[in-house]
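Visitor: Below you'll find the structure I mean.
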Amino acid sequence: MKFEKLIKERYSCRKFKGKAVEQEKIDKILEAGLVAPTACNLQPQRILVLTDKDKIKALDEEKCTRYTFDAPLIFVMCVDRAKAWTRKYDNLSSAEVDSSIVLTHMMLQAQELGLGTTWVMAFNPEIAKKVLNIPENLDVISLMPTGYPADDAQVNPLHFKHIDLNEMAKYNEF
2 MKFEKLIKER YSCRKFKGKA VEQEKIDKIL EAGLVAPTAC NLQPQRILVL
52 TDKDKIKALD EEKCTRYTFD APLIFVMCVD RAKAWTRKYD NLSSAEVDSS
102 IVLTHMMLQA QELGLGTTWV MAFNPEIAKK VLNIPENLDV ISLMPTGYPA
152 DDAQVNPLHF KHIDLNEMAK YNEF
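In my numbering, the protein residues as written are 2 to 175.
Written as structure tokens, this is what we have:
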């Protein structure tokens, strides 16, 4: 699939079929994340692959998030801040940026494989850590419900709204 087509057709899928995602596809998605660039190639990302329906359901039941969308697979993006690069001028950590780049690579790979995804940040990270038994040294950054889009899955109308290119990008000065 051509890249331009891939990025324009990808949307936040919020309704999935119950069909499990094949291990080969999960591996390809993880490999896409592995080759994503990170600051100084420090690779602070740590990913929990959730396929256990009870654990996915527990996120909903424990009031962690209501945005699992009955997906059969959720990638839980975590970072080890001790492994992330820090900018010396203002101590800004690359952790969130690195994990976002990694998850974007994974999301696009999933799309190419015929899977739907959505990016979820509306969750309680402390509850997620507790429910999923995530080690103390890791911070949970985002969730990516993943699966085969339901036949009646619809694209949110907001997907097609974009600011004007001239508002987003300026040349040489603002």
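For glycine and all other residues, C-beta sits at the position ideal for the given N, C-alpha and C.
Determine which residues share a DSSP beta bridge with residue 75 and list them.
Guide: DSSP lists 51 and 146 as partners of residue 75.
Visitor: Residue 36 by DSSP, collapsed to three states: which one?
Guide: DSSP places residue 36 in coil when its eight states are reduced to three.
Visitor: Pick helix, strand or coil for residue 95, following the three-state DSSP scheme.
Guide: Residue state, collapsed to three classes: coil.
Visitor: Skipping 5 residues on each side, what residues in its chain have a beta carbon closer than 6 Å to that of residue 37?
Guide: Cβ within range, chain order: 102, 103 and 106.
Visitor: To the nearest whole angstrom, what separates the beta carbons of residue 42 and residue 83, a pair I think is in contact under 8 Å?
Guide: Incorrect: roughly 16 Å between the Cβ atoms, too far for contact.
Visitor: Can you give me the Cβ contacts of residue 150 inside the same chain, cut-off strictly under 6 Å, excluding the 5 residues immediately before and after it?
Guide: If we look at residue 150 and ignore the five residues flanking it on each side, its Cβ neighbours are 14 and 117.
Visitor: DSSP three-state call for residue 87: helix, strand or coil?
Guide: Of the three classes helix, strand and coil, the one that applies to residue 87 here is strand, per DSSP.
Visitor: Do you know offhand how far residue 71's Cα is from residue 155's?
Guide: Taking the straight line joining both Cα atoms gives about 15 Å.
Visitor: Considering only the beta carbon of each residue, do residue 140 and residue 80 sit closer than 8 Å?
Guide: A contact, by the Cβ cut-off of 8 Å.
Visitor: Exposed or buried, what is residue 144 when buried is set at 16 or more other beta-carbons lying within 10 Å of its beta-carbon?
Guide: By the 10 Å Cβ count, residue 144 comes out buried.
Visitor: Quick one, are the C-beta atoms of residue 49 and residue 133 less than 8 Å apart?
Guide: A contact, by the Cβ cut-off of 8 Å.
Visitor: With a threshold of 16 other CB atoms inside 10 Å of the CB of residue 146, please say whether the residue is buried or exposed.
Guide: Buried, because 16 or more other Cβ atoms sit within 10 Å of the Cβ of residue 146.
Visitor: Once DSSP output is grouped into helix, strand and coil, what is the label at residue 118?
Guide: Three-state result, residue 118: strand.
Visitor: Figure out for me which residue from 57, 23, 46 and 11 has the closest Cα to the Cα of residue 128.
Guide: Of the listed residues, the one whose Cα sits closest to residue 128 is 57.
Visitor: Using the Cα positions of residue 142 and residue 28, report the straight-line distance between them to the nearest angstrom.
Guide: Each residue's Cα considered, the two are about 21 Å apart.
Visitor: Taking C-beta to C-beta, are residue 112 and residue 7 nearer than 8 Å?
Guide: A contact, by the Cβ cut-off of 8 Å.
Visitor: Where does residue 66 land, buried or exposed, given buried means 16+ other C-beta within 10 angstroms?
Guide: Buried, since its Cβ has 16 or more Cβ neighbours within 10 Å.
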